[in-house]
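If you count the sequence shown from 1, you need to add 811 to reach my numbering. Working notes, structure below.
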Amino acid sequence: MDDYLAFYRRVYGVYLREARLLEGKDTIGMFLTQQPEGCFPDEATSTYNLQLNIGSPVLASADLGVGKREMPMPRGGFVIVPPETKADYDVYLDHRIMGLGIPTSYFDNAATDLGLSGPSIESLLSDAHTDAIVKQVVKECWAEANRRLLRGSLFIDANLMILTSRILSLAAGRRSRAKTVKPALLSDRHYDLICQYVDSNIETNLRMKSLARLVDMSEHSFSRAFKARTGRSPYQWVIDRRLTRAEMLLRKSKMSLAEIAFAAGFSSQAHMTTLFSQRMGTTPAEFRLVLS
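Below, the structure written as structure tokens:
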């Protein structure tokens, strides 16, 4: 199984801007990439895969192994995926990413040092995160890889232990807070309000913040309450609503595919085609052809 750099070079090499190697106790691949908007499925790899957004904030949704959900990425924000886990990203703007594949041994050692039973990061897989320490250490690793071992492998290993310990500490903190928070409930009235708002604004860029504000909840509480009510994340539910609108327009209108895509709120015709094909097993054009 590939590490992250090997996977990225093989599958997305056209977007690769620079690759560097960290020579610690293990050889660790890092890379810098400039990607357009689009869908980017990642295969499972042997490493913990960290992406740090070093460009402008971007709108995105992602499945990091726990289901697809809206996941805007602020400048300096990061996401991380555990080994042997597929990930899937839909990104709606051009974006610059610094990627780092961290061998499991670093997380195993950090978990032992922190007195944890194992290196669990599951509580970090639902969102993007911002943390000054993570950002600083990743950038220091990138700079050190360019110095060609000026400060040596001990410096690299020490930085990676700081990084992995910090990530595990963030995950443990999230788990602890989740246990103390009573889940919010989404009433029938609030659910109807969300349905009406989404259907009336389906062609717009619907944001989790706006939906949560409608029912006077935080984004995190709303996401949990909505999934408890519907069995789906707000992102998945909105996508289903968009696809339903697109299917209706394909059946009843003479609009072009591009016009239907934007009327249903997709970022592009290609984005609609990808998601429509996944759900229906056929493209919008083929679906319309059968109807005619």
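The beta carbon of each residue, even a glycine, is placed where N, CA and C say it ideally should be.
Inset, instruction - Report buried or exposed for E1044, applying the criterion of at least 16 other Cβ atoms within 10 angstroms of its Cβ. - result: Here residue 1044 refers to the residue found at position 233 when the sequence shown is read from its first residue. First, the residue type needs correcting, since residue 1044 is Ser and not Glu in the sequence shown. Looking at its Cβ environment, which holds 16 or more other Cβ atoms inside 10 Å, S1044 is buried.
Legend entry - Cβ neighbour criterion (16 or more within 10 Å) applied to A954: For the purposes of this step, residue 954 is taken as residue 143 along the sequence shown, with counting starting at 1. Under this definition A954 is an exposed residue.
Legend entry - Neighbour-count burial assignment, M1066, 16 or more Cβ in a 10 Å radius: By 1-based counting over the sequence shown, the position of residue 1066 is 255. Result: exposed.
Inset, instruction - Check the DSSP bridge columns for L832 and list the partner residues they point to. - result: As a working note, residue 832 is residue 21 in the sequence shown. For L832, which the question treats as bridged, DSSP gives the partners G840.
Inset, instruction - Determine contact between the stretch 1054-1063 and the stretch 883-896, defined as no fewer than three beta-carbon pairs at a distance below 8 angstroms. - result: no
Inset, instruction - Go through its chain and collect everything with a Cβ distance to L936's Cβ below 6 angstroms, but skip five positions before and after it. - result: Taking the sequence shown and counting its residues from 1, the one referred to as residue 936 is at position 125. The residues are L875, G876 and V877.
Legend entry - Three-state class that DSSP yields for S1044 in the structure shown: As a working mapping, residue 1044 is identified with position 233 in the sequence shown. DSSP places S1044 in coil when its eight states are reduced to three.
Inset, instruction - Starting from the Cα of S934, find the closest Cα among P893, I973, A956 and V945 and give me that residue. - result: For the purposes of this step, residue 934 is taken as the residue at position 123 of the sequence shown. Looking at the Cα atoms, P893 is the closest of the given residues.
Inset, instruction - For T941, name the three-state secondary structure that DSSP assigns. - result: Against the sequence shown, residue 941 aligns to sequence position 130. The answer is strand: DSSP assigns T941 an E or B state.
Inset, instruction - Please name the residue in M884, I932 and A1081 whose C-alpha comes closest to that of R985. - result: What you label residue 985 is simply residue 174 of the sequence shown in a count that begins at 1. Distance check between R985 and each of M884, I932 and A1081 places I932 closest, using alpha-carbon atoms only.
Inset, instruction - Work out the CA separation of D899 and K879 for me, nearest whole Å. - result: Position 68 of the sequence shown, counted from the start, is the residue given in the question as residue 879. Position 88 of the sequence shown, counted from the start, is the residue given in the question as residue 899. Cα to Cα, K879 sits roughly 8 angstroms from D899.
Inset, instruction - Check whether the stretch 968-982 touches the stretch 1008-1024, taking contact to mean three or more Cβ pairs, one atom from each stretch, closer than 8 angstroms. - result: no
Legend entry - Backbone CA spacing between N827 and L996 [nearest angstrom]: Locating residue 827 in the sequence shown gives position 16, counting from the first residue. Locating residue 996 in the sequence shown gives position 185, counting from the first residue. Sequence check: residue 827 is Leu here, not Asn. Rounded to whole angstroms, L827 to L996 spans 44 angstroms at the Cα level.
Legend entry - First through last residue of the alpha helix (DSSP H) which encompasses V869: Against the sequence shown, residue 869 aligns to sequence position 58. Note, V869: premise wrong, no alpha helix (DSSP H); not H, not E.
Legend entry - With 16 other Cβ atoms within 10 Å as the buried cut-off, status of S928: On the sequence shown, residue 928 is found 117 positions in, with the first residue counted as 1. Exposed: under 16 other Cβ atoms inside 10 Å.
Legend entry - Where G929 falls: helix, strand or coil (DSSP): The residue given as residue 929 occupies position 118 in the sequence shown. Reduced to three states, the DSSP call for G929 is coil.
Inset, instruction - Starting from S1000, trace the alpha helix (DSSP H) both ways and give me its first and last residue. - result: Start at 1 with the first residue of the sequence shown, and residue 1000 comes out as number 189. The amino acid at residue 1000 is misidentified as Ser; the sequence shows Arg. Note, R1000: alpha helix (DSSP H), D999 to S1011.
Inset, instruction - Could you say if the stretch 1086-1096 and the stretch 1021-1039 meet the contact criterion of at least three C-beta pairs nearer than 8 angstroms? - result: no
Legend entry - Candidates L832, E848 and L816, of which the one nearest H1082 by Cα: Locating residue 1082 in the sequence shown gives position 271, where the first residue counts as 1. Comparing Cα-Cα distances from H1082 to each of L832, E848 and L816, the minimum goes to E848.
Inset, instruction - Determine the extent of the beta strand (DSSP E) in which D899 is found, giving its start and end residues. - result: Here residue 899 corresponds to residue number 88 of the sequence shown, with the count starting at 1. Taken as a continuous stretch (DSSP letters only), the beta strand (DSSP E) holding D899 covers A898 to V902.
Legend entry - Reduced DSSP secondary structure (H/G/I, E/B, other) of D1051: Here the question's residue 1051 lines up with position 240 in the sequence shown. Helix.
Inset, instruction - Pull up the DSSP beta-bridge partners for E881, would you. - result: Your numbering for residue 881 matches position 70 in the sequence shown. According to DSSP, E881 bridges with S872.
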